[in-house]
Amino acid sequence: MLDEEIISCYRCPRLREYSENVAKIKTKRFKDWNYWGKPLPGYGDENAEILIVGLAPAAHGGNRTGRVFTGDESGKWVIKALYEFKLSNLEYSTSRDENLILKNVYLTNAVKCAPPKNKPTRQEIINCNYFLEKEINLLRNLKVIIALGKIAFDSVCMVYNIKLKFKHGEIYDLQKVKLIASYHPSAQNTKTKRLTWESWIEIFRKAIILTNIKN
């Protein structure tokens, strides 16, 4: 299974070491948590028409909880937006023990391990692109990819062997799939209003229109 292959990956020693160290040291706020501390597979509907690609697990988010976009500020924005469009049964996701059910959506990251300072090297991005390509190929009904941030955007382009210029809100043609570029819903972008809730929801509205999903 692809999930097992991702979890057991040691292609990037720096990232594995960092993820494991964070899991051991923890942070005061989550000192009682049993951190995941390993590469993080994607999560969602295997028949999804929409794929959302982020940068990487947050050190104390996905790297802690063991599920993508779970337990951090970015995850709050992603899951809440999906809930608004009835693509998630939960409005918030804080633990992998919750019964989060996604409809027509699959979530993943361009890089599967938490990187120091959220900055993977180019080689680490290339190493993980192998897994992103596999995930994309497994989603047989895929129609739209939402790339969150430039690294995720460039990683998707790498899979399709094409070079495109990132522009928030832009829609691109990738063979049979549409690619939508969005700023990442990181605290840095949302608190500075570079990404507002209205412009964030508009990204999802575009994806719904392109897939013709009816809820």
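No gaps in the numbering here: position 25 of the sequence shown is 25 in UniProt numbering, and each next residue is one more. Note that beta-carbon positions come from the ideal geometry of N, C-alpha and C, so glycine has one too. Keep in mind it's a predicted model, so treat the numbers as computed, not measured.
Check: What residues match up with residue 181 in a beta bridge as DSSP calls it?; Outcome: 147
Check: Measuring CB atoms only, is the region 91 to 104 touching the region 56 to 73, in the sense that at least three cross pairs come out at less than 8 angstroms?; Outcome: yes
Check: Starting from the Cα of residue 111, find the closest Cα among 58, 104 and 173 and give me that residue.; Outcome: 58
Check: Report the three-state DSSP secondary structure of residue 88 (helix, strand or coil).; Outcome: strand
Check: Between which residues of its own chain and residue 28 is the CB-CB distance below 6 angstroms, once the five residues before and five after are set aside?; Outcome: none
Check: Using three-state DSSP, classify residue 50 as helix, strand or coil.; Outcome: strand
Check: Buried or exposed for residue 155, going by 16 or more other Cβ atoms inside 10 Å?; Outcome: buried
Check: With burial defined as no fewer than 16 other Cβ atoms inside 10 Å of the residue's Cβ, what is the status of residue 142: buried or exposed?; Outcome: buried
Check: Taking 8 angstroms as the threshold, find out whether the region 163 to 173 comes into contact with the region 74 to 93 through three or more Cβ pairs.; Outcome: no
Check: Just to confirm my understanding: we take residue 87, look at its own chain, exclude 5 residues before and 5 after, and list those with CB closer than 7 angstroms. What are they?; Outcome: 102, 103, 104 and 105
Check: Counting only runs that start and end within the region 6 to 83, where is the beta strand (DSSP E) found for 3 or more residues in a row?; Outcome: 50 to 54
Check: At the level of alpha carbons, what is the spacing between residue 188 and residue 99?; Outcome: 29 angstroms
Check: Distance, Cα to Cα, residue 44 vs residue 185?; Outcome: 19 angstroms
Check: May I ask which residues mark the beginning and end of the alpha helix (DSSP H) holding residue 171?; Outcome: First-last for residue 171: 171 to 174, but that is the beta strand (DSSP E), not the alpha helix (DSSP H).
Check: Quick test of your reading: residue 22 and residue 114, contact by CB under 8 angstroms. State the CB separation rounded to the nearest angstrom.; Outcome: 6 angstroms
Check: Less than 6 angstroms between C-beta atoms, sequence neighbours within five positions excluded: which residues of the same chain meet that for residue 80?; Outcome: 91
Check: Hey, could you find the ends of the beta strand (DSSP E) residue 109 is sitting in?; Outcome: 105 to 109
Check: Can you tell me where the alpha helix (DSSP H) holding residue 210 begins and where it ends?; Outcome: 197 to 211
Check: Classify residue 30: buried if its beta carbon has 16 or more other beta carbons within 10 angstroms, exposed otherwise.; Outcome: exposed
Check: State the CB to CB distance for the pair residue 56 and residue 118, rounded to an integer number of angstroms; the pair is presumed to be in contact (CB under 8 angstroms).; Outcome: 7 angstroms
Check: Going by alpha carbons, who is nearest to residue 206 out of 191, 15, 172 and 34?; Outcome: 172
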